[in-house]
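This note's numbering applies: residue 312 is where the sequence shown begins, and numbers increase by one.
In this text, a Cβ means the ideal position worked out from N, Cα and C, and glycines have one as well.
Inspection log for the structure reproduced underneath, given as structure tokens.
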Amino acid sequence: LGVLAGCVYLWSTVGLIWPSALGVIAMALSENGGVQIITTAFSNSNVLLLLFIFPVFSVITNTGVFNKLTIYILSSKLVSGKPYLFAFVMLALVALLSPFANGPVVILIFWSIITGMAKTLGVDAENKFVKCMIVGIPFASMMGFVCVPFVGFGLILNGLFTSYTGIVFDPILYMGIMFSMTTVAILLYLAVMKFIIRVDVTAFKSVNANALQKGTDEVAFTKDQKILLTYLIVFMVFLCMPNLLPATLGV
312 LGVLAGCVYL WSTVGLIWPS ALGVIAMALS ENGGVQIITT AFSNSNVLLL LFIFPVFSVI
372 TNTGVFNKLT IYILSSKLVS GKPYLFAFVM LALVALLSPF ANGPVVILIF WSIITGMAKT
432 LGVDAENKFV KCMIVGIPFA SMMGFVCVPF VGFGLILNGL FTSYTGIVFD PILYMGIMFS
492 MTTVAILLYL AVMKFIIRVD VTAFKSVNAN ALQKGTDEVA FTKDQKILLT YLIVFMVFLC
552 MPNLLPATLG V
């Protein structure tokens, strides 16, 4: 129980990789543990998948691909000058990126974007729109964190469900349902902002590309970032293929 409590605390404040490794070691050193704990952990298919996935997304995150993609989308003419559409796109991006990147990192990036933009526009930090977005970003991150069945907590939840029931989810169907539920949750949150809290968004009607890009590099993707984005798409396709192709193709 102490190991579990420690892992939950570290997962919430540090990340998934090192706390999980420390948890396995702590269990192995405990009275009821032993070498069997380690062999069981590292023979699990979910653990092996995570070992290969985390380095990939670490590289993508550290090269600024996610941040560049965010700025590129939010600075488009479709969103510029439309506060609630801007808020929806921002929260949707948080939900979309959270399964693939470190959740707290995504939250901090988007907090920096919203607070930096507010400062650029001369909006006080106590503004209701800023406050609602500060709260909404972690909410969207938590909703999106379980939307993809082969990374993060989505992988853990699906692994547990399959181990207990023997049922394997179709990843496309799973993602379709979960992302639909997440979209509805975000829309409900924005409806509360608009019709119940009655947030004043007048100042944010002037949101534009210049306000978002201030203090950042150029929006155009570099050659390395384009390669990583292409790799990410191919990587996602290959992860889905085992459940899409007929079993007769197996060797």
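Around residue 444, the same chain offers 425 as residues with beta carbons nearer than 6 Å, after the five sequence neighbours per side are excluded.
Sequence-distant Cβ neighbours of residue 468 in its own chain, meaning closer than 7 Å and more than five residues away, are 457. Nearest to residue 396 by alpha-carbon distance, out of 481, 514, 510 and 501, is 501. When DSSP states are grouped into helix, strand and coil, residue 468 belongs to the helix group.
Within the stretch 405 to 456, complete alpha helix (DSSP H) segments of at least 4 residues are found at 414 to 432 and 439 to 455, given in chain order.
Taking 8 Å as the upper bound for CB-CB distance, residue 493 and residue 406 are in contact here, some 5 Å apart. Residue 495 and residue 505 have their C-alpha atoms some 15 Å from each other.
In the three-state reduction of the DSSP assignment, residue 461 falls in the coil class, being assigned neither a helical nor a strand state.
Separation of the CB atoms of residue 410 and residue 455 is rounded to 6 Å, and the pair is thereby assigned contact status at 8 Å. In the DSSP assignment, residue 490 falls within the alpha helix (DSSP H) that extends over 482 to 502. The C-beta distance from residue 417 to residue 452 rounds to 6 Å, short enough to fall under 8 Å. By alpha-carbon distance to residue 514, the top candidate from 428, 388 and 369 is 428. Contact between residue 379 and residue 532 holds: CB atoms are separated by about 6 Å, below the 8 Å threshold. In the assembly as shown, residue 460 is a buried residue. Its beta-carbon has 16 or more other beta-carbons within 10 Å.
Its chain contains 367 as the residues whose beta carbon lies nearer than 8 Å to that of residue 546, once the 5 sequence neighbours on both sides are disregarded; these appear in chain order. Cβ neighbours of residue 316 within its own chain (closer than 7 Å, five residues either side excluded): none.
Leaving aside the five residues that flank residue 330 on each side, the residues in its chain whose CB is nearer than 7 Å to its CB run, in chain order, 318, 321 and 322. In terms of Cα proximity to residue 537, the closest of 340, 333, 371 and 337 is 371. Between residue 414 and residue 449, the alpha-carbon positions lie close to 9 Å from each other.
Closest in alpha carbon position to residue 511, among 484, 486, 487 and 393, is 393. When the Cα atoms are used, residue 398 and residue 390 turn out to be separated by approximately 9 Å.
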